[in-house]
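**Student:** The number in the working numbering is simply the position in the sequence shown, starting from 1, with 25 added. Don't be surprised by glycine CBs; every beta carbon is placed ideally from N, CA and C. I have a structure here, written as structure tokens, and I will follow up with some questions on it.
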Amino acid sequence: MNWKRYFWPVVGIAAVIFSLLLLWHELRGISLDDVWDGLAAIPTRGWVLAALSSVIAYAALAGYDHIALLHIGKRVSWLFVTLCSFTTYALSHNIGGSVFSGAVIRYRAYGTRGLTGQDVGVLVAICWITFVLSTILASGLVLVFEPQIIDRFSGIAHHGLSEAAGIVMLVLVAAYIFGSALHLRPLKIASFQLHYPALPIVARQLLIGPIELLAAAAIIFFALPEAHNPGYFVILGVFLVSFSVAQISHAPGGLGVFEVVFLAGLSDMEPVGVLAALLVFRLFYLIIPLILGLGVVLFFERSQFSRTEG
26 MNWKRYFWPV VGIAAVIFSL LLLWHELRGI SLDDVWDGLA AIPTRGWVLA ALSSVIAYAA
86 LAGYDHIALL HIGKRVSWLF VTLCSFTTYA LSHNIGGSVF SGAVIRYRAY GTRGLTGQDV
146 GVLVAICWIT FVLSTILASG LVLVFEPQII DRFSGIAHHG LSEAAGIVML VLVAAYIFGS
206 ALHLRPLKIA SFQLHYPALP IVARQLLIGP IELLAAAAII FFALPEAHNP GYFVILGVFL
266 VSFSVAQISH APGGLGVFEV VFLAGLSDME PVGVLAALLV FRLFYLIIPL ILGLGVVLFF
326 ERSQFSRTEG
């Protein structure tokens with residue numbers, strides 16, 4: 026038995042179980058009626074803006090694939106790329122291990138458009154780099170301009186350390202840009218080659234990537250109650266921490282992990298209101314896209330089967 030095949034799924038399931046236990050302990054005094062009241066308290070404007078933010082987030086995610094295809098010099102129809110990207114992220118966000126699960130989905134889809142395994146490998150790498158680069162950039166800005174964000178999780182003031190960490194992150198982004206300007210040699214792993222993105226590609230990464238994170242955080246911000254709301258920039262910081270921890274945990278959909286960390290970051294707000302906003306986030310960012318994504322997969326596979334039979 027190859028233990029490596031089961032290691033990360035076991036880690037993900039363990040993270041879900043542990044987080045759900047913590048979540049139950051945190052919310053044990055809250056009933057389903059309380060949660061329903063919290064959802065009902067969200068104004069229509071909040072629902073509409075949250076839904077619109079979700080659309081913007083997934084539109085930006087589609088930009089990840091467009092950037093990667095531009096980098097490898099492959100032409101694929103705009104509609105196909107958009108649907109492929111949407112389906113990839115809709116499924117991988119819920120499955121967990123988004124890099125690996127996303128690679129499988131992309132290989133199946135783009136293989137029908139003439140892309141080789143190496144092409145898809147480079148595409149996945151560029152998409153992953155775009156996400157990491159965007160997270161570092163957004164996190165660096167938050168730590169520099171809102172250094173007290175760390176206090177929400179540690180309970181101890183580390184403003185100087187937070188600002189220093191933010192500056193280091195921004196320096197890393199600057200180094201990435203500088204590396205592109207230097208035209209560094211490609212990274213080679215056996216027969217696999219990953220060329221350094223050109224400056225126009227880097228510019229797109231730094232523009233489109235952060236938009237996805239800003240829009241995803243906005244889903245929660247617009248659904249949160251106004252009472253004790255710390256403002257969008259703080260919500261963005263808490264979201265970045267929560268989303269990053271959820272990704273690292275490999276928990277499917279970040280279930281439990283995301284909620285526990287987010288509630289810890291907004292401990293000064295009413296838990297019912299925060300939980301209601303997180304449910305809205307799961308609805309617009311995970312559940313609805315998953316349903317639509319499965320529909321796209323079924324349509325795609327049916328069309329491929331029809332072509333094979335024909």
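Check whether the stretch 244–262 touches the stretch 285–302, counting contact only when three or more Cβ pairs, one atom from each stretch, lie closer than 8 angstroms.
**Tutor:** yes
**Student:** Using only alpha-carbon positions, find the residue among Ala243, Ile97 and Gly191 that is nearest to His220.
**Tutor:** Here the closest residue by C-alpha is Ile97.
**Student:** What do you get for Ile273, buried or exposed, if any count of 16 or more other CB atoms within 10 angstroms of its CB means buried?
**Tutor:** exposed
**Student:** Along the chain, which unbroken stretches of the beta strand (DSSP E) at least 3 residues long are found entirely within the stretch 163–225?
**Tutor:** With a minimum length of 3 residues, the continuous beta strand (DSSP E) runs that stay inside the stretch 163–225 are 212–214 and 217–219.
**Student:** Anyone know if the C-beta pair for Ala200 and Leu224 falls short of 8 angstroms?
**Tutor:** Their beta carbons are not under 8 angstroms apart, which means Ala200 does not touch Leu224 by this criterion.
**Student:** With distance defined between alpha-carbon atoms, name the residue in Thr155, Val286 and Leu140 nearest to Gly88.
**Tutor:** Thr155
**Student:** Can you list, in chain order, the stretches of the beta strand (DSSP E) that have 3 or more residues and sit fully within the stretch 270–298?
**Tutor:** none
**Student:** Going straight from the alpha carbon of Ser331 to that of Phe325, what length do you get?
**Tutor:** 10 angstroms
**Student:** State the start and end residues of the unbroken alpha helix (DSSP H) segment that holds Tyr310.
**Tutor:** Element bounds for Tyr310: n/a, residue is neither H nor E.
**Student:** For chain B, check one thing: does any of its Cβ atoms lie closer than 8 angstroms to the Cβ of Ile236?
**Tutor:** As a matter of chain content, chain B is missing from the structure shown, which is built from one protein chain.
**Student:** Residue range of the alpha helix (DSSP H) that His91 falls in?
**Tutor:** Thr69 to Ile97
**Student:** Where Phe170 and Glu188 are concerned, what is the direct C-alpha to C-alpha distance, given to the nearest angstrom?
**Tutor:** 8 angstroms
**Student:** Starting from the C-beta of Leu158, find all residues in its chain whose C-beta is less than 8 angstroms away, skip the five residues before and the five after it, and write them out in chain order.
**Tutor:** Val198, Tyr201, Gln230, Leu231 and Gly234
**Student:** Measuring alpha carbon to alpha carbon, tell me which of Gly290, Glu295 and Leu304 ends up nearest Asp173.
**Tutor:** Note on residue identity: the sequence assigns Gln, not Asp, to residue 173. Selected option, being the one with the closest Cα: Gly290.
**Student:** So, are the CB atoms of Ala240 and Leu261 less than 8 angstroms apart?
**Tutor:** no
**Student:** For Asp90, count neighbouring Cβ atoms within 10 angstroms of its own Cβ and tell me buried if that reaches 16, exposed if not.
**Tutor:** buried
**Student:** Output the distance between the C-alpha atoms of Cys152 and Ala93, rounded to the nearest integer angstrom.
**Tutor:** 6 angstroms
**Student:** Please report the straight-line C-alpha distance between Thr263 and Ala82, rounded to a whole angstrom.
**Tutor:** According to the sequence provided, residue 263 is Val. The question's Thr does not apply to it. Taking C-alpha positions only, Val263 is separated from Ala82 by approximately 17 angstroms.
**Student:** Taking DSSP as the reference, what is the three-state secondary structure of Ala228?
**Tutor:** helix
**Student:** Tell me whether Pro255 sits in a helix, a strand or coil according to DSSP, three-state version.
**Tutor:** Coil.
**Student:** With respect to the alpha helix (DSSP H) encompassing Leu140, which residues constitute its N-terminal and C-terminal limits?
**Tutor:** Per DSSP, Leu140 belongs to no alpha helix (DSSP H) and is neither H nor E.
**Student:** Could you tell me the distance, in whole angstroms, from the CA atom of Leu166 to the CA atom of Val227?
**Tutor:** Computed Cα separation, rounded: 18 angstroms.
**Student:** Whole angstroms is fine: what's the gap from Leu317's alpha carbon to Leu116's?
**Tutor:** 10 angstroms
**Student:** For Ser267, which of helix, strand or coil comes out of DSSP?
**Tutor:** helix
**Student:** When you compare only the Cα positions, how much space is there between Gly146 and Asn119?
**Tutor:** 21 angstroms
**Student:** Candidates Ser102, Lys213, Tyr114 and Gly204: which alpha carbon is nearest Leu140's?
**Tutor:** Closest by alpha carbon: Ser102.
**Student:** Give every residue of the same chain whose Cβ lies closer than 6 angstroms to the Cβ of His50, excluding the five residues on either side of it in the sequence, and list them in chain order.
**Tutor:** Because His50 sits at a pLDDT of 49, beneath the cut-off of 50, its placement in the model cannot be relied upon, and the point is left open.
**Student:** Excluding the 5 residues flanking Met26 on each side, which residues of the same chain have their C-beta closer than 7 angstroms to its C-beta?
**Tutor:** Confidence in Met26 is poor, its pLDDT being 47 and thus under 50, which makes the residue's placement too unreliable to answer from.
**Student:** What does the alpha-carbon distance come out to for the pair Leu304 and His208?
**Tutor:** Roughly 45 angstroms between the two C-alpha positions.
**Student:** Can the beta-carbon of Arg133 be found closer than 8 angstroms to that of Leu148?
**Tutor:** No; because the gap between Cβ atoms is not below 8 angstroms, this pair is not in contact.
**Student:** Quick check on Leu323: buried or exposed, where buried means 16 or more other Cβ atoms within 10 Å of its Cβ?
**Tutor:** exposed
**Student:** Would you call Ala65 buried or exposed, if buried means 16 or more other Cβ atoms sit within 10 Å of its Cβ?
**Tutor:** Here Ala65 is exposed: its Cβ has fewer than 16 other Cβ atoms, across all protein chains shown, within 10 Å.
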